[in-house]
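Take a look at the structure set out below.
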Amino acid sequence: MLPPSGATSCVIRKVGGRVGRALLDDGTVRVNDFGQTSVPGVYAAGDMARRESIPIPLAQITFAVSSGQLAAGMIDQELLMVDLPDLPSPFRPAQQES
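If you read the sequence shown in the numbering used here, its first letter stands for residue 1, the second for the next number, and so on.
Printed below as a string of structure tokens:
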């Protein structure tokens, strides 16, 4: 396994250290089979993620790509359930005046 890069520490800083309880001894982040951490809305994939169902480190390109794809799919599904606020122009088409 590659030692944790700056990516792991950067992610932990960005979420305010809330994934701290999910950090494993080797610096990776514990995730479920869908790449979700214990912090709602925060996902991890690739070399920085470790699934409990696969207890050994898997620092392989194919695993990193597939775990990233799975996490992206879960993020997409999660965002489909979010009610978006009314967005101002230019994000919302202008109403046609009659």
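Quick reminder that beta carbons are idealized off the backbone N, C-alpha and C, glycines included.
Original post:
Helix, strand or coil: which one does DSSP assign to Met1?
Top reply: Low local confidence applies: a pLDDT of 39 at Met1 is under 50, so the model's placement there is unreliable, and no value is given.
Subject >> Under the three-state DSSP convention, the category Ala49 falls into >> reply: strand
Original post:
Would you report the Cα separation of Glu78 and Ala22, rounded to the nearest angstrom?
Top reply: 21 Å
Original post:
Can you tell which of Asp25, Asp26, Ala49 and Leu24 has its C-alpha closest to the C-alpha of Asn32?
Top reply: Ala49
Original post:
So is the beta-carbon of Asp26 under 7 Å away from any non-hydrogen atom of the ligand HEM?
Top reply: Here there are no bound small molecules, and the ligand HEM is not part of this structure.
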